[in-house]
Amino acid sequence: MKIDKNTINKIARLSRIKLDDKESEDYIKDLNSILDWVEQLNEVNTENVEPLSNISSSILPKREDVSNDTNSSEEILENAPDKLEGFFAVPKVVE
Amino acid sequence: MNNLIKGEKHDWEMVIGLEIHAQVKSNSKLFSSSSTKFGSSPNSQVSLVDAAMPGMLPVINKYCVEQAVKTGVGLNAKINNYSVFDRKNYFYADLPQGYQISQYKYPIVGEGKVTIDFKDGTSKDIRIVRLHLEQDAGKSLHDQNPSKTYVDLNRSGVALMEIVSEPDIRTPDEAGMYISKIRSILMYLDTCDGNMQEGSLRADVNISVRKPGDEYGTRCEIKNLNSIKFIKQAINYEAKRQIEILESGGSIEQNTMLFNTSTGKTRPMRNKEEAHDYRYFPDPDLLPLEISKEEIVKIKSSIPELPDELKNKFIETYKLSNYDASVLTAEKQTSDYFNETINSDSELKNHAKIVVNWITSELFSLLNKNNQDLNNSPVSPENLGQLIKLISTNEISGKIAKDVLGDMFSSGKTARQIVDEKGLQQVTDQGEITKVIDEVIAENPKMVEQYLAGKDKLLGFFVGQVMKLTKGKANPKMLNDILKQKLNKKN
């Protein structure tokens, strides 16, 4: 797989990152060399090997269904650039 | 049954599949300990995990997993011992993580089916593709300010079960029956409160149209419908729109649509070209979810009777009709009420049909009129049972019982109290009834003559006169028998 200009632009748009031409060129180079490097793994024969979903062999820890009724709204809203009556206020997004 | 829509050149068939989002009934969220309470002040139930503060890690709620398994069993579905949580990536103001934790390739529940019953006695299976667990997003308010959107994250991270059907549905009515059935199963299992108004249960509808027998057409998805009425309206509108495009030679563009509840129309969402690039990948913060066979067996054993089982039991035990039994079992509160009523007195088992009628017609109409629910009915099952017993033992007539029920409803008194206080007991004393009949016969010699001359209809007149004199309390059967006897003796 090769990353071209279209792909890099799409990835940037999906990630909400703005890249200028110079940056795009740099990322195309970087990502391609990463992919080439990972490509080497294809040399290993993985027939009959289950895909590994996690390197830890422990079991997913679970919690009981207990709610804590602490109201952290002040903390939560502390970093918000704009807020009103307990709500986050963001530029209008209407579908 | 004809499910087709008439077109200009040929008939059209709708092909419909539903994705139902059901909020898990739990105290805390799927991956955090914040409360799930509805209607609290904005952002008051948001932990640092829900707000996606850097470094926060999700820890799964064991109860939510069990509820999903329970629901899977209720949908006659395969429970997967191994499932994986993935990140579904998209940007929106009410999604602080920038991704929703969901399940993609390995859902917790696999293929299942539910049955819908039609009025004419036939039924149909709707196949389920899967059920998976995922997080809800926050809530955006767009109409409070001309330039701002307000965001409340209280719902962010609440556990949802997404139930995906095969495109087995063919009409708006079937879609409505399907979601009602799912709702009923969820409420029996107590895994979701089924409250569509509060958004605990909502659906995305996939719809396409085709010439019967053809391949599936291109579909559109209508997002986020929260009432059965809107689901039907949206399907009707969207099917018509698609047929019009196809008949005028156009083609359907695959699209995500929004339904405007005030105009009844659908319109495409913006940014559609990117809408489906979610870049799913396994969430590195969460290990795969493994459920042992023993756990599944344990959960299965905790499952209560479901509507279909209960329906068959009612038909079997009380010899009820399929229709009566399905009305009783459609909602858990109705079947519970019926059970409590009929078990409140051993005699009532022999009068099951009467019990059904008093609940589904008399009591329901009083509740409707007063905008009340069976859950907070002023007439308890025991009291209704007592009233029905008074009817079945001939202490009061059915007609008087209706007034008594109205009185019980408004005063909260028991049937016994009202009957005793107002002296409404039926007159079952043969002597007393005979006395009144004799009186009526003596006062109306002409009528008697006409009756004897063959005007059988006049029997009603005599019954009416006796009832009037006894204030409706004469036992109708005794009255009829004695009256006929007396009149015929005159012959």
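Read top to bottom, the protein sequences are chains A and B.
If you're matching positions, the first sequence starts at 7 in our numbering and goes up one per residue.
If you're matching positions, the second sequence starts at 739 in our numbering and goes up one per residue.
Positions of the beta carbon are idealized from the N, C-alpha and C atoms, including for glycine.
Only a predicted model underlies this, so the values are computations on that prediction, with no experimental measurement involved.
Per DSSP, residue 19(A) is one residue of the alpha helix (DSSP H) stretching across 11 to 20. Under the Cβ distance rule, residue 1047(B) does not count among the residues neighbouring chain A, no pair being separated by less than 8 Å.
Chain order gives the chain A residues near residue 887(B) as 95, 96, 97, 98, 99 and 100, where near means a beta carbon separation below 8 Å.
Contiguous alpha helix (DSSP H) elements confined to the region 915 to 999 of chain B occur at 966 to 985, taking only those with 4 or more residues. Contact between the region 802 to 812 of chain B and the region 758 to 776 of chain B is present: three or more C-beta pairs spanning the two stretches fall below 8 Å. The residue from 830(B), 1176(B) and 1210(B) with its alpha-carbon nearest to that of residue 1161(B) is 1210(B).
Per DSSP, reduced to three states, the secondary structure at residue 1171(B) is helical. Neighbours of residue 1024(B) in chain A, taken as residues whose beta carbon is under 7 Å from its own, are 66 in chain order. A straight-line Cα-Cα distance of about 12 Å links residue 1059(B) and residue 1067(B).
Interface with chain A (8 Å Cβ-Cβ cutoff): residue 890(B) is included.
Beta-bridge partners of residue 863(B) (DSSP): 853(B). Assignment of residue 889(B) by DSSP, reduced to helix, strand and coil, places it in the strand class. The residue among 1091(B), 998(B) and 994(B) with its C-alpha nearest the C-alpha of residue 1007(B) is 994(B). Residue 50(A) carries a coil assignment under DSSP once its states are collapsed to helix, strand and coil. Under the DSSP assignment, residue 93(A) falls in the beta strand (DSSP E) whose first and last residues are 93 to 97. Counting only the Cα atoms, residue 1083(B) lies some 36 Å from residue 1200(B). If you check the CB distance, residue 865(B) and residue 904(B) come in under 8 Å. Excluding its 5 nearest sequence neighbours in each direction, residue 816(B) has C-beta neighbours in its own chain below 8 Å: 810, 847, 848, 849 and 850, listed in chain order. Residue-level contact by beta carbon fails for residue 1102(B) and chain A, as no gap is shorter than 8 Å. In the DSSP annotation of this structure, the continuous segment of the beta strand (DSSP E) that includes residue 755(B) starts and ends at 751 to 761. For the region 774 to 800 of chain B, the set of residues with a beta-carbon nearer than 9 Å to any beta-carbon of chain A comprises 774, 775, 778, 779, 780, 781, 782, 783, 784, 785, 786, 788, 789, 791, 797, 798, 799 and 800, in chain order.
Interface residue (Cβ-Cβ distance to chain B less than 8 Å): residue 47(A) is not classified as such.
The alpha-carbon separation between residue 1036(B) and residue 895(B) amounts to approximately 27 Å.
For residue 84(A), no CB of chain B lies under 8 Å from its own CB, so it is not counted at the interface with that chain. Chain B has a Cβ within less than 8 Å of the Cβ of residue 72(A).
Annotation: residue 1100(B) to residue 753(B) spans about 40 Å, alpha carbon to alpha carbon. The region 946 to 960 of chain B makes contact with the region 741 to 760 of chain B, as at least three CB pairs between them are under 8 Å. Runs of alpha helix (DSSP H) with 4 or more residues, each lying fully within the region 787 to 828 of chain B, are found at 800 to 812, listed in chain order. Within the region 1087 to 1100 of chain B, no residue has a Cβ lying closer than 7 Å to any Cβ of chain A. Listed as beta-bridge partners of residue 877(B) by DSSP are 890(B). Where residue 901(B) is concerned, the enclosing beta strand (DSSP E) starts and stops at 897 to 903.
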